[in-house]
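Trainee:
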């Protein structure tokens, strides 16, 4: 079928073939036009580029370390694990934090007579033009240096090819995964997906615990080197280790590892190409199931979800009900909720498993400080979801401006609605951590208290941030999509809000460190009160700001068309 | 008290975007009980003007009053008397029609019983009751306009400000909207709406203003502005434009 399309295009398009080059130039042009007359955007971009360069330099020296130290022993280790982490980062970070830059929205190409293959390669090439991609490229030249030191020119050249292949792999993985995840989140199967992911996360706990404990108990380098060698043969490590392989005399390994990488990239692109179709068709056709069922009850009873029937029938109640519905009905918000649930469960479990494994004494030695810290992480991450809560609404927020909703009411309602989803999650996370991982039911107060305190403080910080630092989100069907340039803004906002929330919650960590066993009992009530107080104070202060700059907020979150 | 004040008064409204001046000093007085059409070509500043008039966009200079209440100094009073339907703006479209109306009503602090009764009536009159639990995002363009109008009407405003209410609406829905607006004005309300469809404006309006390049070019009652000509002739003369000679785009004819 693809062949038929290609032929048809060849007939119509008078000669000039569209190549990836056009997409790259289009992206550069769009980026350039976005900067026009927007000094702060240029500033943000420069800042992002600077941070990217800084990270690249750091990565370079890490990757080049074996070469600089002239120590062959850890070269494979660093290349395999470091490179693997980079790939993993490209795989996961767009889902959790950063989203993908959708300067070139696939939906815009839907009407153009382009064969799918051209479109995919073009969009792929355009995706390569980004600060993170350049940063990875610069950082991984460290690998080339190392390979050159040990294996001369031939190894360095091989590794250069490997680095390029690795970069392709990273970008392809990021695109394919976000696109596929976006498609899934739009569909009604998402509930099953969420359940599967959570179940998978839970199921992984046991084997991961065993593996982590075993690995860390006899943490001798030779065994790690074996693991690294194995990782080097997976797509995660393959492209980064070929230079070292050549340097160590295994020339035959280079083409095999390149082949592994190439096959993976092609497979990822094929996967992306499939989900791209639904991205191009857009949300319009993703009709929901219950469309034809007739409405029952009055308008007001329909607005309030059945579980929230107890809410007051006023502006506060209406806001909470609408927000609660939106956290589930809006694909963008749902994506945030689901990734949050998965990460929120995963990270503390891994962190605490690692530490219990390290001390090798079973469940009871993970320190209250570490538990508190991991809960701080989850709470901060959860609250960061609200850092651009008005951006989710876009121009629909004008309804609130027209009515003149009081700022404090609005913000309290938004916090309340988000908490309706988050509080059960908090309970589950702290319960799982205390019971299953730590084996300490008595610590449930500590975990829940720390989480509540951080969450409340984070809500306060992020609410203020959402009023002052809002930015518009593109109106596309991809919940992970960002406007060009917004990626930098988003990252900085997220980092800022995380730092601020973490600072606000320092007293909880200090208390955990100083108070000892008494704190196990006090943590829950104190943490809950601290969180609630912080959130209410935040809503009061930010509400005042919001009252004064409603129209300005509306202007910043309205997508430019 | 409100009878002494014009329904909407704009004085010296100015808005600049970067280097471009979108609205360059608009003065407008809309008498209570009038059906006021704001005419202008694309990009004339109609939406910008109306946004500033209803409190959605802060003007760089100038002021707006709704029935004597300053929109920027006394927004609570002004916004209670005002019903707005913006154009090109999303609704909270992941709610169903009934949910959206309930949301708007409660947000305005209305009694739930009144909200229920009016919502049911509005959905019925606007032929949206059949849509059931369909989300507004899945509505057709005409249905979206109608539910937007219902949201603006729900709290019984004294002044309705509508941006392009007839854009992308089929003739049947347009007739329905015209009918409802006509009854609203007969009942003592005031309507201000923007459009570039001459025929609708000529049929409905008691007063018109022609806006081009960010300033008001002609203003007054429909008969005064129109004079001996048709409204379209006046409009084209005021706005200025080129007419096709027939030479260009020759390749379009096969």
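Residue numbers (the numbering used here), protein chains in the order written: chain A, 1 to 561; chain B, 1001 to 1254. Cβ coordinates follow ideal geometry from the N, Cα and C atoms, glycine included.
Based on the DSSP output, what are the partners of residue 1218 of chain B in its beta bridges?
Mentor: Paired residues: B:1210.
Trainee: When you check each C-beta in the stretch 77–94 of chain A against every C-beta of chain B, which residues fall closer than 8 Å?
Mentor: Against chain B - using a Cβ distance shorter than 8 Å - the stretch 77–94 of chain A contributes no residues.
Trainee: Would a check of beta-carbon distances place residue 1104 of chain B closer than 8 Å to chain A?
Mentor: By this cut-off, residue 1104 of chain B is an interface position.
Trainee: Please confirm whether residue 1081 of chain B and residue 1158 of chain B have their CB atoms less than 8 Å apart.
Mentor: In contact: residue 1081 of chain B and residue 1158 of chain B (Cβ atoms closer than 8 Å).
Trainee: Say whether chain B places a C-beta atom closer than 8 Å to the C-beta of residue 544 of chain A.
Mentor: Residue 544 of chain A does not count as touching chain B.
Trainee: Classify residue 320 of chain A as helix, strand or coil using the three-state DSSP reduction.
Mentor: Helix.
Trainee: If we ignore side chains and look at the alpha-carbon of each, how far apart do residue 1235 of chain B and residue 1064 of chain B end up?
Mentor: Those two C-alpha atoms are separated by around 26 Å.
Trainee: By DSSP, does residue 1255 of chain B sit in helix, in strand, or in coil?
Mentor: Residue 1255 of chain B lies beyond the range of chain B shown here (1001 to 1254); nothing can be said about it.
Trainee: Using the three-state DSSP reduction, which class does residue 1155 of chain B fall into: helix, strand or coil?
Mentor: Looking at residue 1155 of chain B - three-state DSSP - the assignment turns out to be coil, as it is neither helix nor strand.
Trainee: Closest to residue 77 of chain A by CA distance: which of A:459, A:301 and A:231 is it?
Mentor: Considering only alpha carbons, the answer is A:231.
Trainee: Could you check if residue 357 of chain A is buried or exposed, using at least 16 other CB atoms within 10 Å of its CB as the buried criterion?
Mentor: Any reading at residue 357 of chain A needs caution, since the residue's pLDDT is 49, under 50, leaving its predicted position unreliable; the model's value is listed next. It counts as buried.
Trainee: Give every residue of the same chain whose Cβ lies closer than 7 Å to the Cβ of residue 1103 of chain B, excluding the five residues on either side of it in the sequence, and list them in chain order.
Mentor: Cβ within range, chain order: 1092 and 1095.
Trainee: Going straight from the alpha carbon of residue 1057 of chain B to that of residue 16 of chain A, what length do you get?
Mentor: Answer to the nearest angstrom: the Cα atoms are 46 Å apart.
Trainee: How about residue 330 of chain A: is its C-beta nearer than 8 Å to some C-beta of chain B?
Mentor: It does: the Cβ of residue 330 of chain A has a partner Cβ on chain B nearer than 8 Å.
Trainee: Does DSSP put residue 234 of chain A in a helix, in a strand, or in coil?
Mentor: Coil.
Trainee: Could you work out which residue in A:458, A:56 and A:21 is closest to residue 134 of chain A when comparing CA atoms only?
Mentor: Cα-wise, what sits closest to residue 134 of chain A is A:56.
Trainee: Mind checking which residues open and close the beta strand (DSSP E) that includes residue 1026 of chain B?
Mentor: First-last of the beta strand (DSSP E) with residue 1026 of chain B: 1020–1030.
Trainee: So, is residue 75 of chain A buried or exposed, given that buried needs 16 or more other C-beta atoms within 10 angstroms?
Mentor: By the 10 Å Cβ count, residue 75 of chain A comes out buried.
Trainee: I need the boundaries of the alpha helix (DSSP H) containing residue 81 of chain A, first residue and last residue.
Mentor: Residues 75–93.
Trainee: Quick one: what's got a C-beta closer than 6 Å to residue 292 of chain A's C-beta in the same chain, skipping five residues either side?
Mentor: The predicted model places residue 292 of chain A with a pLDDT of 46, which falls under 50 and marks its position as unreliable; any figure quoted below should be read in that light. Hits under 6 Å: none found.
Trainee: Only counting the same chain, and skipping five residues up and downstream in sequence, which positions put a Cβ closer than 7 Å to that of residue 1137 of chain B?
Mentor: Correct list, in chain order: 1093 and 1094.
Trainee: Going along chain A, which residues have a C-beta under 8 Å from residue 1079 of chain B?
Mentor: Neighbours of residue 1079 of chain B on chain A, chain order: 402, 403 and 404.
Trainee: Taking Cβ positions, are residue 374 of chain A and residue 347 of chain A nearer each other than 8 Å?
Mentor: Yes; because the gap between Cβ atoms is below 8 Å, this pair is in contact.
Trainee: Which residues bound the alpha helix (DSSP H) around residue 517 of chain A?
Mentor: From DSSP, the alpha helix (DSSP H) with residue 517 of chain A extends over 517–548.
Trainee: Roughly how many angstroms separate the alpha carbons of residue 108 of chain A and residue 32 of chain A, rounded to a whole number?
Mentor: Cα to Cα, the separation comes out at about 18 Å.
Trainee: Residue 308 of chain A CB to nearest chain B CB: under 8 Å?
Mentor: False, the Cβ-Cβ gap to chain B never drops below 8 Å.
Trainee: Let me see if you follow: with CB-CB separation under 8 Å, is residue 472 of chain A close to chain B or not?
Mentor: Chain B contact via Cβ: absent.
Trainee: Taking only three categories from DSSP, how would you classify residue 360 of chain A?
Mentor: In this predicted model, residue 360 of chain A has a pLDDT of only 43, less than 50, meaning its place in the structure is not dependable; the value taken from the coordinates is given anyway. Note: residue 360 of chain A maps to coil in three-state DSSP.
Trainee: Ordered along the chain, which non-local residues of its own chain (more than five positions away) have a Cβ less than 6 Å from that of residue 1036 of chain B?
Mentor: Same-chain partners within the cutoff: 1030, 1192 and 1207.
Trainee: Using a beta-carbon distance below 8 Å, is residue 1086 of chain B in contact with chain A?
Mentor: Answer yes: the Cβ-Cβ gap between residue 1086 of chain B and chain A drops below 8 Å somewhere.
Trainee: Would you say residue 339 of chain A and residue 494 of chain A are within 8 Å of each other, going by their C-beta atoms?
Mentor: Their beta carbons are not under 8 Å apart, which means residue 339 of chain A does not touch residue 494 of chain A by this criterion.
Trainee: When you check each C-beta in the stretch 241–264 of chain A against every C-beta of chain B, which residues fall closer than 8 Å?
Mentor: Correct list: empty, as no residue qualifies.
Trainee: Which first and last residues belong to the alpha helix (DSSP H) in which residue 1184 of chain B is found?
Mentor: Here the alpha helix (DSSP H) through residue 1184 of chain B covers 1171–1186.
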